[in-house]
Amino acid sequence: MDGAGTDGMEPALGKGTRKWITGFIRKKSKAGQFAFRDEILEERARQHILDSQQRETPELLDTLLEETLVENEDLQEVSAKDGPPRYYSRQFMSEAFVTILLRKEGDPLLLLAETVRENSQVYPRPIPLDAFKNYPFNLTQEEILACLQQMTETDQYKDVQRTTTSIGTVFLYSTLHLDPGHARMLAEWLDVGQFNNP
Amino acid sequence: MAKCGGWAGKVLRIDLSTGRISRDDTVEKYKDVLGGTGLGYQVLWDEVAPGTKPFDPANKIVFGTGPLAGTGAPCNGRTAITTLWPMCWPKPLVATGHMGGQFAAELKYAGYDGIIIEGKADRPVYVSIMDNKVEIKDARHLWGQGIRRTTVELSQQFGPEVCVAAIGQAGENLVPMSVVMNAYSHSAGGVGAVMGSKNVKAVAVRGTGSVRIGGKKEEWEKLIKLHLSLIGANNQHVVPSAPQPWSEYYDPRSRWKGSRGRQWGASEPTIDTGTCDPHDLNTIAYRTNNAVHYLGDIAWKYTVRGNGCTGCPIRCHTMIKVPSVAAKYGIPEVGMNTCGGLNFGRSFFKKFPDGARGMTNMEACMVGMHMSDDYGLWCNYSQLQRDFKKLYGDGTIKNKLAEKEFKSYSWDKYEKGDPRFLFELLPRIAMKEGELGTVLGLGTGYMLETWSLSEEEWKKDYGLNYWKMGHPKHHANEGDGQCGVIINTQYNRDPQCHSHCNFTRNGLPLEVQKRLAAEIWGTPDAVDALGSYTPMNIGKARMAKWSLIRKELHDSLSLCNWMGPWVASPLKERAYRGDDSIESMLYSLATGDTKSREELDRLGERIFLLHRALTIRDMGTKEMRTQHDTVPEWVYHDPEKRPVYTKGTTHLDRDDVKLAMEMFYEEMGWDKTTGAPTAEEYKKVALGKIADELNKKGLLPG
């Protein structure tokens, strides 16, 4: 028999399932998505590739998932505040993207604030507000404006500030990491200056 | 017959005065200057006497390609066109226009590494190069036509594979602000009028041969794959503009626009550019969309695809299809170009009724491309448009023009941001009609002189981007601090150097850039955060030298300096390192002439010193530091009068810039007082004979 925890499943089948799971997680990661245990089960059922005696149960799948993660260094499990664990492949999804996905699942306020702070600290630069409307953030204009309003009213987010360029584009930055004058200059450069100096 | 790989073996020489066509052996005569700008500078040194003017028959125009043109090397489609520059003010000096497209490869396949055009034809002609068969043919039926009509006529005659490099009416009329253009949208600025002065309308080339690679096939293919793996998007931006599943970093203003959900809306079927994983070398062409970069997200809907030069995976000439412009303006609904070409029409206007990135902006782009690329007009890196806006805004145009001429323009259309205004302005520049058209076509220096305007005023105005000698800055301190300033002092036109800014704008975080800088230039301090500059240091001097030498290498090898060098990459597994030896590896394998990075850089330095020597000789002075390598006043001033090195400023300290020049001269081994290369430095790069000739004229320091 193939390893502990796979009672009732032939070694070849367990191996095949683990291979399938590996491929599934990697494919989802390449597409910029986490994989979930229930989703794996549903997909296998949809594809009619469950064992003919329907021996795949959530509990069995948990065991197989564990084994799959041990076998494949790139596969990772990450927990969020709520809900089941998420699975992804480090080979196809960066830690940075994982962080964005986790933030997206939570409060959009945190998504916005932490992303702004990260940009101001790491690069450093302000980030155009419109960036949050696009993939992978996909926030609506209303969501963004609501967040910005909330930020002005909450002490822990007051470092997130706006600057507007000469052609009316709004950029966000964090005063924790960028001086207002520097942020203003960078925004103008990123939005106007560099296009006049192609 | 080529003795080495890479080179085709012959440089064509066409004497228009006598009708004689001859051939020089490339490897025997020009191997040590590679080709491209190196070929051009060598010919001008050897064959064009000081005091010659751009439109004199004694001037020569040199179309130079390099040993990598027409090979499988990525980004190899460049032709350098070197001549005495009509806009260089107050004295014409050597400069080069650069064009991409298909011309370089086609010329190589025809068996030639370059074309030297000399003398002057007694009537309009075009040069036909069909492999071995080279003829000077009557072009009177083409003269007066735009570039497109000329290209169509010659293509109908010689077949659709022919590549035509032509001038439009602007070049014919000896308008200095004119181009030579090939393959619909690929232009070399500033050289159209020199061709026109020789009565040459076009060069049509068709080659059915190939380029021999000196090295082993498997090694060559392996190297090409390595090079492709290190490539980012246009200007070697190595991070995507939106976070992608694979990416650790991103930059919303990166030229790497491809992203899930971003589609080429006018292609059939619609193409989703997708996540563009850098390990997928088949999707490199999806990364760049310069129409979107310059015109805004609105351009996605109108994008057909990317287009570009032979052998380049980047496809930076975005093709856009805007159906509304056909009925509205009577122009073709399809246009394509990159950077300056996309900016040409829209940059004339202060604003548009629907905002900076709306539909009118796009329409102005289409109208501008349509007209400038057919008339063969040049913008001098948008200096034409900046000068126009200033002269209109401060009332100079109104004051200088006769009332009748001033009223002949629809200024209300201009004020409203109506692209139709371009139909009134651009033809007059190309046809030299009226005072405004004529003066704008002269270029900034001669415009200032003709209208008795103060160059000092231009040198104080940050917004004008003016540098010196009639030309604008190009990637100076606004993005690249002292390194950018040094680079902008060195040429007789805007420097067309991107080695430095391809690195500083690559999108990687500052910490990563500094790590790479330490490896390449010996210290992380070679690069500063944008707008957070620090005093001059040795790293910045090394970076400036490296940037200039690599630019000359690219322009001589036929590699695109808008893409290289490739010292950063999108690959996390390489810690975002590229490879600083790509050029030498490509050269060695293509030619079979093995050179290390240092050896090839020495050749690049040789070519750069040739340019320096030419400039010194033709200026008649060795006092380069004070007479040539000058810095405009606006570099030292902040509009808000903040001190230097304040975060959010990009101006520099006067003494620090002096130090920067000294450190650069020292790095180059030049005399610090004069800024001129010493005899010893010329000899180090095998230019001893040039040193002797300069010495006889008293143009060597010490």
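As given, the protein sequences belong to chains A and B, one line each in that order. Residues in the first sequence are numbered from 1 upward in steps of one, following this note's numbering. Residues in the second sequence are numbered from 199 upward in steps of one, following this note's numbering. Beta carbons: idealized from backbone N, C-alpha and C, even for Gly. The structure displayed is predicted, hence computed values, not measured ones.
Self-check item: Given THR558 of chain B as reference, the closest of B:LEU728, B:GLY309, B:TYR660 and B:SER522 once Cα atoms are compared
Solution: Position 360 of the second sequence holds residue 558 of chain B. Nearest option by C-alpha distance: B:SER522.
Quiz item: Using CA coordinates, which residue listed in B:GLY342, B:ALA319, B:ASP336 and B:LEU305 is at the minimum distance from MET328 of chain B?
Solution: Indexing the second sequence from 1 puts residue 328 of chain B at position 130. Of the candidates B:GLY342, B:ALA319, B:ASP336 and B:LEU305, the one whose C-alpha sits nearest the C-alpha of MET328 of chain B is B:LEU305.
Self-check item: CB contact below 8 angstroms: PHE195 of chain A versus chain B
Solution: Taking the first sequence and counting its residues from 1, the one referred to as residue 195 of chain A is at position 195. Closer than 8 angstroms to the CB of PHE195 of chain A there is at least one CB belonging to chain B.
Quiz item: According to DSSP, is PHE24 of chain A helix, strand or coil?
Solution: In the first sequence, counting from the first residue as 1, residue 24 of chain A sits at position 24. Of the three classes helix, strand and coil, the one that applies to PHE24 of chain A here is helix, per DSSP.
Quiz prompt | Neighbourhood of GLY3 of chain A by C-beta, 6 angstroms cutoff - its chain only, sequence neighbours within 5 removed | solution = Counting from one through the first sequence, the residue named residue 3 of chain A turns up at place 3. With a pLDDT of 39 at GLY3 of chain A, under the threshold of 50, the modelled position of this residue cannot be trusted; read the value that follows with caution. Excluding positions up to five away in sequence, the list is empty.
Quiz prompt | Beta-carbon contacts of ASP511 of chain B that lie in its chain and below 7 angstroms, excluding the five residues immediately before and after | solution = Locating residue 511 of chain B in the second sequence gives position 313, where the first residue counts as 1. Sequence check: residue 511 of chain B is Pro here, not Asp. Same-chain partners within the cutoff: PRO272, LEU426, ILE429, ILE482 and ALA483.
Self-check item: Of the residues B:TYR527, B:ILE345, B:ILE315 and B:GLN343, the one placed nearest GLU333 of chain B, counting alpha carbons only
Solution: What you label residue 333 of chain B is simply residue 135 of the second sequence in a count that begins at 1. Of the listed residues, the one whose Cα sits closest to GLU333 of chain B is B:ILE315.
Quiz item: From ASP7 of chain A to ALA45 of chain A, what does the alpha carbon distance come to, in whole angstroms?
Solution: To locate residue 7 of chain A, count along the first sequence from 1; it is residue 7. To locate residue 45 of chain A, count along the first sequence from 1; it is residue 45. For ASP7 of chain A, the predicted model reports a pLDDT of 48, less than 50, meaning its position is unreliable and no value from the coordinates is stated.
Quiz item: Where does GLU531 of chain B fall in DSSP's three states?
Solution: Here residue 531 of chain B is taken as the residue at index 333 of the second sequence, counted from 1. The three-state reading of DSSP puts GLU531 of chain B in coil, since its state is none of H, G, I, E or B.
Quiz item: Nearest chain A C-beta to ALA727 of chain B closer than 8 angstroms, yes or no?
Solution: Here residue 727 of chain B refers to the residue found at position 529 of the second sequence. Cβ-Cβ to chain A under 8 angstroms: yes for ALA727 of chain B.
Practice problem: Please specify which runs of the alpha helix (DSSP H), each continuous and at least 4 residues long, are wholly inside the stretch 215-275 of chain B, giving them in chain order. | Solution: Counting only runs of 4+ residues, the alpha helix (DSSP H) found wholly inside the stretch 215-275 of chain B occupies 224-228 and 234-245, in chain order.
Quiz item: When we look at the beta-carbon of VAL350 of chain B and count the other beta-carbons within 10 Å, is it buried (16 or more) or exposed?
Solution: Residue mapping note: residue 350 of chain B aligns to position 152 of the second sequence, counting from 1. Taking all protein chains shown into account, VAL350 of chain B has fewer than 16 neighbouring C-beta atoms within 10 Å of its C-beta and is therefore exposed.
Practice problem: Consult DSSP for ASP205 of chain A and reduce its assignment to one of helix, strand or coil. | Solution: Residue 205 of chain A is absent from the model: chain A starts at 1 and stops at 198.
Quiz item: Relative to the C-alpha of ARG795 of chain B, which residue among B:PHE806, B:SER779 and B:LEU807 is closest?
Solution: For the purposes of this step, residue 795 of chain B is taken as residue 597 along the second sequence, with counting starting at 1. The alpha carbon of ARG795 of chain B has as its nearest neighbour, out of B:PHE806, B:SER779 and B:LEU807, the alpha carbon of B:SER779.
Exercise. For GLY677 of chain B, go through chain A and note every residue whose CB falls closer than 9 angstroms to its CB, in chain order.
Key: Position 479 of the second sequence, counting from 1, holds the residue named residue 677 of chain B. TRP189, GLY193, GLN194 and ASN197, listed in chain order.
Practice problem: For the stretch 358-438 of chain B, list the alpha helix (DSSP H) runs that are entirely contained and at least 4 residues long, ordered along the chain. | Solution: With a minimum length of 4 residues, the continuous alpha helix (DSSP H) runs that stay inside the stretch 358-438 of chain B are 367-370, 390-395 and 415-428.
Quiz item: Excluding the five sequence neighbours on either side, which residues of its own chain have a C-beta within less than 7 angstroms of the C-beta of LEU582 of chain B, listed in chain order?
Solution: Taking the second sequence and counting its residues from 1, one reaches residue 582 of chain B at position 384. Correct list, in chain order: MET375 and LEU638.
Practice problem: Name, please, each residue of chain A whose Cβ falls closer than 7 angstroms to the Cβ of SER220 of chain B. | Solution: One-based indexing of the second sequence puts residue 220 of chain B at position 22. None at all; the shortest Cβ gap to chain A is about 40 angstroms.
Quiz item: Any C-beta of chain A sitting closer than 8 angstroms to the C-beta of PRO707 of chain B?
Solution: Locating residue 707 of chain B in the second sequence gives position 509, counting from the first residue. Chain A contact via Cβ: present.
Quiz item: Any idea what DSSP makes of GLU654 of chain B, helix, strand or coil?
Solution: By one-based count along the second sequence, residue 654 of chain B stands at place 456. Taken through DSSP and simplified to helix, strand or coil, GLU654 of chain B comes out as helix.
Practice problem: State yes or no: is the C-beta of LEU242 of chain B within less than 8 angstroms of the C-beta of THR216 of chain B? | Solution: The sequence position of residue 242 of chain B within the second sequence is 44, counting from 1. The sequence position of residue 216 of chain B within the second sequence is 18, counting from 1. In this structure, the beta-carbon distance from LEU242 of chain B to THR216 of chain B does not fall below 8 angstroms.
Exercise. Taking only the alpha-carbon atoms, compute the straight-line gap between SER174 of chain A and ARG162 of chain A and give it to the nearest angstrom.
Key: Residue 174 of chain A sits at position 174 when you count from the first residue of the first sequence. Residue 162 of chain A sits at position 162 when you count from the first residue of the first sequence. Distance from the CA of SER174 of chain A to the CA of ARG162 of chain A, rounded to the nearest whole angstrom, comes to 9 angstroms.
Quiz item: Mapping DSSP to helix, strand and coil, what is PHE171 of chain A?
Solution: Counted from its first residue, the first sequence places residue 171 of chain A at position 171. DSSP places PHE171 of chain A within a strand segment (E or B) once states are collapsed to three.
Quiz item: Opposite ARG184 of chain A in the DSSP bridges: which residues?
Solution: Stepping through the first sequence from its first residue, residue 184 of chain A is reached at position 184. Paired residue(s): none; ARG184 of chain A is not in a bridge.
Quiz item: For the alpha helix (DSSP H) that contains GLY539 of chain B, what are its first and last residues?
Solution: Start at 1 with the first residue of the second sequence, and residue 539 of chain B comes out as number 341. Looking at the DSSP string, the run of the alpha helix (DSSP H) that includes GLY539 of chain B is 537-541.
Exercise. Return yes when the Cβ of TRP454 of chain B is within less than 8 angstroms of the Cβ of ASP475 of chain B, no when it is not.
Key: Stepping through the second sequence from its first residue, residue 475 of chain B is reached at position 277. Stepping through the second sequence from its first residue, residue 454 of chain B is reached at position 256. Not closer than 8 angstroms, so no.
Quiz item: The beta strand (DSSP E) with ILE334 of chain B in it runs from where to where?
Solution: Here residue 334 of chain B is taken as the residue at index 136 of the second sequence, counted from 1. Where ILE334 of chain B is concerned, the enclosing beta strand (DSSP E) starts and stops at 331-336.
Quiz item: Which chain A residues sit within Cβ distance under 9 angstroms of GLU446 of chain B?
Solution: In the second sequence, counting from the first residue as 1, residue 446 of chain B sits at position 248. Those within 9 angstroms of GLU446 of chain B in chain A are SER94, GLU95, ALA96 and PHE97.
Quiz item: In terms of residue numbering, what span does the alpha helix (DSSP H) encompassing HIS752 of chain B cover?
Solution: Working through the second sequence from its first residue, we reach residue 752 of chain B at position 554. Here the alpha helix (DSSP H) through HIS752 of chain B covers 736-755.
Practice problem: Under 8 angstroms between beta-carbons, which chain B residues line up against SER29 of chain A? List them in chain order, please. | Solution: Reading the first sequence from its first residue, position 29 is the one you call residue 29 of chain A. Chain B residues near SER29 of chain A: PRO443.
Self-check item: Best match in B:GLY896, B:LYS856, B:GLU653 and B:GLY413 for proximity to THR875 of chain B [C-alpha to C-alpha]
Solution: Translated into positions along the second sequence, residue 875 of chain B becomes position 677. For the record, residue 875 of chain B in the displayed sequence is Pro; it is not Thr. The shortest Cα separation from PRO875 of chain B among B:GLY896, B:LYS856, B:GLU653 and B:GLY413 belongs to B:GLY896.
Quiz item: For ASN330 of chain B, is the classification buried or exposed, using 16 other Cβ atoms within 10 angstroms of its Cβ as the cut-off for buried?
Solution: The sequence position of residue 330 of chain B within the second sequence is 132, counting from 1. It counts as exposed.
Self-check item: Opening and closing residue of the alpha helix (DSSP H) in which VAL209 of chain B lies
Solution: Here the question's residue 209 of chain B lines up with position 11 in the second sequence. Per DSSP, VAL209 of chain B is not a residue of any alpha helix (DSSP H); the beta strand (DSSP E) it occupies stretches across 208-213.
Practice problem: Closer than 7 angstroms, Cβ to Cβ, to anything on chain B: give me those residues from the stretch 58-71 of chain A, in chain order. | Solution: Within the stretch 58-71 of chain A, no residue qualifies.
Quiz item: Between the Cα of TYR123 of chain A and the Cα atoms of A:LEU65, A:LEU129, A:THR165 and A:ALA183, which residue gives the shortest distance?
Solution: For this step, residue 123 of chain A is matched to residue 123 along the first sequence. The shortest C-alpha separation from TYR123 of chain A is found at A:ALA183.
Practice problem: Consult DSSP for GLU316 of chain B and reduce its assignment to one of helix, strand or coil. | Solution: As a position in the second sequence, residue 316 of chain B is number 118, starting the count at 1. Taken through DSSP and simplified to helix, strand or coil, GLU316 of chain B comes out as strand.
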